[in-house]
Each structure stands twice: as structure tokens, then as C-alpha cells.
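First residue of the sequence shown: 139, per the working numbering; consecutive thereafter. Note that the Cβ used here is the ideal one computed from N, Cα and C, for glycine as well. Keep in mind the model is a prediction, meaning the values are calculated, not measured.
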Amino acid sequence: MFKNLLAAVIVILALLPGCTSKEKESASSVAPDFTLQDLSGKKVTLSGLKGSVVLLEFWATWCPPCRASIPGIERLHKAYGDKGLKVLAISFDEGGWDKVKDFVAEHKITYAVLKGTDDVSAKYRVRMIPAAYLLDKQGIIRKQYMGAGNDEELEKEIKALL
Numbered sequence: 139m140f141k142n143l144l145a146a147v148i149v150i151l152a153l154l155p156g157c158t159s160k161e162k163e164s165a166s167s168v169a170p171d172f173t174l175q176d177l178s179g180k181k182v183t184l185s186g187l188k189g190s191v192v193l194l195e196f197w198a199t200w201c202p203p204c205r206a207s208i209p210g211i212e213r214l215h216k217a218y219g220d221k222g223l224k225v226l227a228i229s230f231d232e233g234g235w236d237k238v239k240d241f242v243a244e245h246k247i248t249y250a251v252l253k254g255t256d257d258v259s260a261k262y263r264v265r266m267i268p269a270a271y272l273l274d275k276q277g278i279i280r281k282q283y284m285g286a287g288n289d290e291e292l293e294k295e296i297k298a299l300l
């Protein structure tokens, strides 16, 4: 039990400095495919969304900057969801999935929330949260955003890709 607790503390300490960092990276590689479950248990496969602009948001309920970014992502989802934007929020929360469901209901999140896996976070080389990846209609990663507060830049990029 002590080893598990120590491992959890190390992971949290490693992620917390990133939670407050704001960094933008550009990219142009094919987004790694994945299949994850949403809140209802339905499987969502990234490659099934080709033809749409996709915003992947890696987050957790316990990360204050992640929580702060939710209203901006919700706004983008509502503004551009019917124009071809798909938002997938990939949760890093461990343990009870009910906690995430309650959080989503409480914060009135209407975009898709998926249960993340270590495999998916490794494929995307997520090293801090929140982390956002913007994919074009062909599934190419066009932008990466590390940290919170990227709403305005994200919106410009989304408009350009739609």
C-alpha cells in the first residue's frame, strides 16, 4: 500500500507544476488512434471522427487549471459543435467513474468525456495537464496546447480548420 501511495504522490507532484504552466507547441503528425469509453459506457474511436475537427483535452477533476478551462471548452463546443467540431475530454481520474459523472453533471459539461488509459496518455506523450491537441479533418495534429487559458488561440485555430 505504501508503494502505491508513494507512486501516486510522485505522479501528482510531477503533474502539478505542469498544471500551472502555459505552453504551445505546433505539430503535424497523424494523431494516434484509440478507442475509449464515454460516460454511458459507449465506445468512442478517434478514427471514426475523421471528417471533423477534433479537440482532445486531457484533464482531471482534481486539477485546478483543468477545472478553470472547462467553461472555455464548453463555449467552443457550443459555438462550433454544429459546424464540425468534436470535443473529447479524456479524464485522468482514477478510481470511481461515478465521481467524474457527478462532476460532469454538476458543471453541466455537454461535450464527450472519456475514461483515459495509460496507453493513450503515453501515445500522446502527455506530460502535464491540462493538455489540448487540435486535429484537422484528416486526423493530423495541428496544434498542441499545454496548460490552461488557450481559448482565444484555440478558437482562431478551430475557425481556420473548419
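For D220, the number of other beta carbons within 10 angstroms of its own is below 16, and it is reported as exposed.
In the DSSP annotation of this structure, the continuous segment of the alpha helix (DSSP H) that includes F241 starts and ends at W235 to E244. The alpha carbon of M284 has as its nearest neighbour, out of Y271, Y249 and I296, the alpha carbon of Y271. A contact between stretches requires three or more CB pairs, one per stretch, nearer than 8 Å, and the segment 182-197 meets this requirement with the segment 249-259. For secondary structure counted as the beta strand (DSSP E) over 3 or more consecutive residues, the segment 157-229 holds these complete runs in sequence order: 161-164, 173-175, 181-183, 191-197 and 223-229.
Under the three-state reduction of DSSP, I296 is assigned to helix. Between the C-alpha atoms of K297 and S207 there is a straight-line separation of about 19 Å.
Under DSSP, Q276 forms no beta bridge with any residue.
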